[in-house]
Amino acid sequence: MWLREELLKSIWHAFTALDVDHRGKVSKSQLKVLSHSLCTVMKIPHDPVALEEHFKDDNKGPLSNQGYMPYLNKFILDKVHGEFDLVEFNKICWLLCYKKNICTKRLLFSEDKAFKVWCIFNFLSEDKYPLVIVTEEIEYFLQRLSEAMGSGWSEEKFADYKLQLHTKNNCLTAWELIELLGMGYFSHGMNSQILSMGITEVFQELILDVLKQGYMMKKGHKRKNWTERWFVLRPNSLSYYVCEDLLEKKGDIILDRTCCVESLPDKEGKKCLFIIKCMDKSFEISASDKKKKQEWLQAIQTCIRLLRLGLSSPHREARLRRKELRQRQQAEEDDVSERMRQLQVVNENKQRQLEGMRRKIDAAAAEAAMEDHRRKQTELELQDRHRLDLEREKMVRQQMEEQVAQKSCELDQYLQRVRELEDMYHRLEGALEDERQAKQDEEAMRRLQARLLEEEAAKRAELEQIHLQQQRALSQTEAEKQELVAEQRAKERDLQAAMLQLETLERERHGALEQYEKMSMKLERATNKTKTWKDKVAKHEGLVRLIQPGHKGPQRITNWGPASFTDAELELRKKSWQESKNQGAAAQ
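Numbers given in the working numbering equal positions in the sequence shown, counted from 1, plus 1051.
Now the structure itself:
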C-alpha cells in the first residue's frame, strides 16, 4: 500500500517544476491539469469545481504550495481506496520536472534509469521540504547499488566524498544525486550496462517491494504437472509469471497471517521441495538447489512474520529505524551541547565570583596595611599613654588576620570547585570521544560480521565439494577393497591346498623313515651274518677273502626314490619352504 508522504514528495517535484519564477506559486490552470492527471492515474473521479471552491478566496494570482497541499489531501488523496499503478503516478510527476532540472543525454544511463534513481531519492529523502537526501541514506543507496552490481563496497572512497559533503550541509538534491551517479562519480571502471542493471535491481527492491525473484518449478493443481515459472516475492504476495519479462502473469499466492511455509522431502523425482499452505490452497514448489531453497524459505517466513506483526516491508522498516537512530543521535548531541553551555555559564559565574573575592581580599589587605601603619605611628608617639589602646588594636589586628585567613580558605575552596568543573569538562569530552570510537568499532564489527558471513558461505560451498569428492573416493575405495578381499580369499585357498600337500608330504616322509629304519635293521643283521660267515671262512680257508663293498653314509627314502636326499639337504629344503610361506603371509 502506498504512503501519503511518498506521493506528496513526487507531487512536490511537479509543483516546483511548474513554479517557473521560483516564487513558490503556480497558476490555477496548471494546477487543474496536474490535478486531473493525478486523478486519472489514481483512478478517482476528478471534480474541477472543488478546486475553484477551495481557492475561491484567492483569485488575485498564482496559488502557493501551502494552499495546494491541503487541497491534495482533502479532495484527491483522501478519496483513494483501491490500488493504482505507483510507477505510472511517479512517471507523470517525473515528466513534468526532469527536463527543467537535468539533461539526460550527458548521463551514462538512459532516461528510464534516471527516473528510477529519482524514485529511489524520493523513497530515501527526508520528510521535510525542500527535499534532500542525507549522507547516511546516500551511503545506504550506494552500498545496495554496489551489491547489485557485484562490486565490493569501498568505505574509503565514500569517506573521501563525505569530506566534500560537509561543505554542502551533508545532503544532496535529487538532481545532484542523478548527475553524480550518471557521470560515473561513484562507479569508476564499471560498465554502463552493469550500472543500469544495478539501478533496476535496487528500484525493484526499494520501490516495487520485490524482496526476491527467480526461476522455480511449481506443481499444478489440476494436471499435477511440474512447470518452470518466474517467481516474484513481495511483502504480501508471491506472484509467478511465464518468464522474467513479467508480461504474462499466471497467478498470485496471497500471503497473510495464517499462511505457513514448510520443507518437504524429495519425491516424484523432484528435489529441494517446500510447500506454502494458505487458507484455501497449498502450493508445492521445487527450487534449483538446497541453497536457493533455504533462501526462499527464509524470505517467505520473514514476510509472514512481518504480516503477523502488522509491519510494512523490510526496507521501509529499515528506513524508519535509520531515521529514528539519526533523531536519537541528534537529540543526544543537542543534549550534550546544552549541558556544555550550562557548564560554561556556571564556570563564568564562578570566575566572576572569584574575581570579586580577590578584589575584596586585596582591598582588605590594603586597608590592613594602612591600619598597621597608623597603629605603628600612634604606638611610637603615644606608647606610654595609650598602652590599653595598643592592646585593643592588637586584638583588632588578630580579628582581621582571622578574617583574611577565612577569606583565603574560601578562595581555595572556590579554586578547588573550578578545578573540579574543569575536570568534569574533560571527562565529558573523553566520554564523547569514547562514544564516537564505540560507534566506529560497532560499524567495523558489522563489516567484519558481513565478511565472516560471506567467508562462511564460501567455506560451506567448499565443504560440500569436498564432501562429494570424499563420497566418490569412498565408493572407489570400497570397490578396491572388495577386489583385495577376493584376492586374499583366493590366496588363502591356495595356502590351505599347500598346507594339505605339505601334510601329505610329511606323512610320506615319516613312512619312508620307518621303512628306512626297517631296511637298516635288516642290513645290520645281514652284515652281522656276513661277518660271522667271513670269520668262519677265514678260519677254515685262510686264503679265501670276500670282497666287501665300500662304506656308505646313511640313506633316506623319500617320495622321489630311495636315497635321493640326505638329512642335511632335506632340512635345507624344509627351511627354504618355511621362509617362502612366511613371506607370502606377510605380503597378504
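Just so it is clear, CB atoms sit at the ideal spot from N, CA and C, and this is done for glycine as well.
Is residue j closer than 9 Å to residue i when the C-beta atoms are compared?
i	j	result
serine 1337	lysine 1321	yes
histidine 1097	serine 1080	no
phenylalanine 1160	alanine 1225	no
isoleucine 1304	isoleucine 1327	yes
arginine 1370	leucine 1175	yes
alanine 1199	glutamate 1162	no
leucine 1089	isoleucine 1143	yes
aspartate 1423	arginine 1448	yes
serine 1290	lysine 1300	yes
For residue i, which of helix, strand or coil comes out of DSSP?
i	result
valine 1071	coil
leucine 1289	strand
lysine 1179	coil
isoleucine 1517	helix
valine 1131	coil
lysine 1076	strand
isoleucine 1304	strand
isoleucine 1184	strand
glutamate 1295	coil
cysteine 1311	strand
cysteine 1144	helix
serine 1388	helix
proline 1099	helix
glycine 1562	helix
alanine 1638	helix
asparagine 1173	helix
asparagine 1152	coil
lysine 1094	coil
glutamine 1434	coil
serine 1202	coil
serine 1459	helix
leucine 1525	helix
aspartate 1136	coil
serine 1631	helix
serine 1197	helix
leucine 1556	helix
leucine 1394	helix
Return the CA-CA distance between residue i and residue j, expressed in angstroms with no decimal places.
i	j	result
alanine 1350	leucine 1262	7 Å
phenylalanine 1140	arginine 1502	40 Å
valine 1396	serine 1459	24 Å
glutamate 1056	aspartate 1178	7 Å
isoleucine 1258	alanine 1530	58 Å
glutamine 1634	methionine 1550	15 Å
aspartate 1307	glycine 1481	50 Å
serine 1564	serine 1571	Position check: residue 1564 holds leucine in this sequence, whereas serine was assumed. Going from the Cα of leucine 1564 to the Cα of serine 1571 covers about 10 Å.
methionine 1446	glutamine 1457	17 Å
lysine 1275	alanine 1509	37 Å
tyrosine 1465	methionine 1475	15 Å
leucine 1069	aspartate 1136	23 Å
alanine 1619	glutamate 1543	31 Å
lysine 1343	glutamate 1188	30 Å
glutamine 1516	glutamine 1522	10 Å
alanine 1416	valine 1455	8 Å
aspartate 1129	valine 1185	30 Å
leucine 1594	lysine 1580	Confidence in leucine 1594 is poor, its pLDDT being 43 and thus under 50, which makes the residue's placement unreliable; the coordinate value appears in the next sentence. For leucine 1594 and lysine 1580, the distance between alpha carbons rounds to 20 Å.
leucine 1147	glutamate 1383	41 Å
glycine 1562	glutamate 1534	42 Å
tyrosine 1202	lysine 1156	Here residue 1202 is serine; the residue named in the question, tyrosine, does not match the sequence. Spanning the two alpha carbons is a distance of roughly 26 Å.
serine 1314	cysteine 1323	8 Å
alanine 1548	arginine 1624	19 Å
glutamate 1538	threonine 1555	26 Å
threonine 1583	lysine 1569	21 Å
aspartate 1260	arginine 1285	6 Å
leucine 1182	aspartate 1485	34 Å
tryptophan 1277	phenylalanine 1334	11 Å
lysine 1094	histidine 1132	9 Å
lysine 1150	alanine 1165	11 Å
leucine 1597	arginine 1576	At leucine 1597 the pLDDT is 46, less than 50, meaning the model places this residue with poor confidence; the figure from the coordinates comes in the next sentence. Leucine 1597 and arginine 1576: Cα-Cα distance of roughly 18 Å.
If you measure from the beta carbon of residue i to each beta carbon in chain D, is any gap under 9 Å?
i	result
glutamine 1404	The structure shown contains no chain D; it holds only a single protein chain.
At a threshold of 8 Å, does residue i count as lining the ligand GDP (C-beta to nearest heavy atom)?
i	result
glycine 1361	Absence of the ligand GDP from the depicted structure is noted, as is the absence of any ligand whatsoever, leaving it without description.
Notebook entry, point to check: Which runs of the alpha helix (DSSP H), 4 residues or longer, sit entirely within the segment 1315-1378?
Noted result: 1341-1360
Notebook entry, point to check: Whole alpha helix (DSSP H) runs in the segment 1210-1284 with 4 or more residues, listed along the chain?
Noted result: 1225-1233, 1243-1257
Notebook entry, point to check: Are three or more beta carbon pairs between the segment 1233-1252 and the segment 1265-1276 nearer than 8 Å?
Noted result: no
Notebook entry, point to check: How do the segment 1520-1535 and the segment 1350-1362 stand: do at least 3 beta-carbon pairs fall below 8 Å, yes or no?
Noted result: The segment 1520-1535 and the segment 1350-1362 do not touch, with fewer than 3 CB-CB distances between them shorter than 8 Å.
Next item on the list: Would you list, in sequence order, the uninterrupted alpha helix (DSSP H) runs of no fewer than 4 residues that lie entirely inside the segment 1528-1554?
Entry: none
Notebook entry, point to check: Taking three-plus beta-carbon pairs below 8 Å as touching, is the segment 1466-1473 in contact with the segment 1390-1410?
Noted result: The segment 1466-1473, when compared against the segment 1390-1410, does touch it at the 8 Å Cβ threshold.
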